[in-house]
Amino acid sequence: MRQDSLAQRVAPFFGLLYITIGIVGFFVTGFDNFVQNTNESLIGFSINPMHNLVHLLIGIFLIVMATRPSVPVAEGAVLGVGLFYVTAFVIGAVARDNLTIISMYGYGDLENFNHLVNGVGLLTLGLISSAQSQSRMKRQGLA
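End of the sequence shown = 525 in the working numbering, gap-free, step of one.
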């Protein structure tokens, strides 16, 4: 019997959320001005087609990795995406024009705060899942 980790159970929901945001975002922005600042937003978050594509790809990545039978792959993917979002926050906070390719305007941008929240949330999920998996392996005498 396969024992799914917390990351394998929760990451597909994050993935589906990001895919939905990406698709809905394309309805707002279309596909023109792919990497330009479009001044368009989705419920207050700055977006452009490139930003939509990034969300779409991250969502697909999370779903694919979380549905693999390997627990470390799923946990690593969640930790990696969390680190990616925290890094995006730091890059966005350092200078106002660092993330203009995804239509963001620095630390005061609501999307930058969203990156921090998502990053910390995914890192927390990955770390808790990893700790639970390690504990389960120790109980089973595998670690």
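Where is the CB? At the ideal position from N, CA and C, for every residue including glycine. Remember, predicted model here, so these are calculated numbers, not experimental data.
CB-CB length for residue i against residue j, believed under 8 Å
i    : j    : result
Y400 : I440 : 5 Å
G464 : L438 : Not really, about 18 Å apart at Cβ, beyond 8 Å.
F408 : P431 : 7 Å
Through-space distance from residue j to residue i, alpha-carbon basis
i    : j    : result
T469 : T402 : 23 Å
L507 : G397 : 13 Å
A393 : N480 : 28 Å
V417 : S517 : 45 Å
Q390 : D414 : 36 Å
G404 : I425 : 13 Å
V406 : N434 : 8 Å
A459 : P451 : 13 Å
G523 : V502 : 31 Å
F395 : T449 : 11 Å
Own chain residues within Cβ distance below 8 Å of residue i, not counting five before or after
i    : result
M383 : Its pLDDT being 38, under 50, M383 is placed unreliably by the model, and the measurement read from it follows with that caveat. Nothing listed; no residue qualifies.
S423 : V410, I429
L461 : L504, L505, G508, L509, S512
V455 : M447
G412 : P431
Same chain only: Cβ atoms within 7 Å of residue i, ignoring 5 sequence neighbours per side
i    : result
V436 : I484
F427 : L492, E493, N496
V453 : S387, Q390, S515
N421 : none
R521 : none
E457 : S387, A389, G508, S511, S512, S515
6 Å CB neighbourhood of residue i in its chain, flanking five on each side removed
i    : result
N419 : T482, S485
Residue-chain proximity (residue i, chain C), Cβ-Cβ < 9 Å
i    : result
A448 : Looking for chain C here will not work: only one protein chain is present.
Inter-stretch contact (C-beta, 8 Å, three-pair minimum) for the stretch 505-514 and the stretch 433-447 = no
Spell out a yes or no on whether the stretch 460-478 and the stretch 487-504 are touching, meaning 3 or more CB-CB pairs, one atom from each, closer than 8 Å.
-> yes
Runs of beta strand (DSSP E) wholly within the stretch 398-470 (minimum 3 residues, chain order) | 422-424, 427-429
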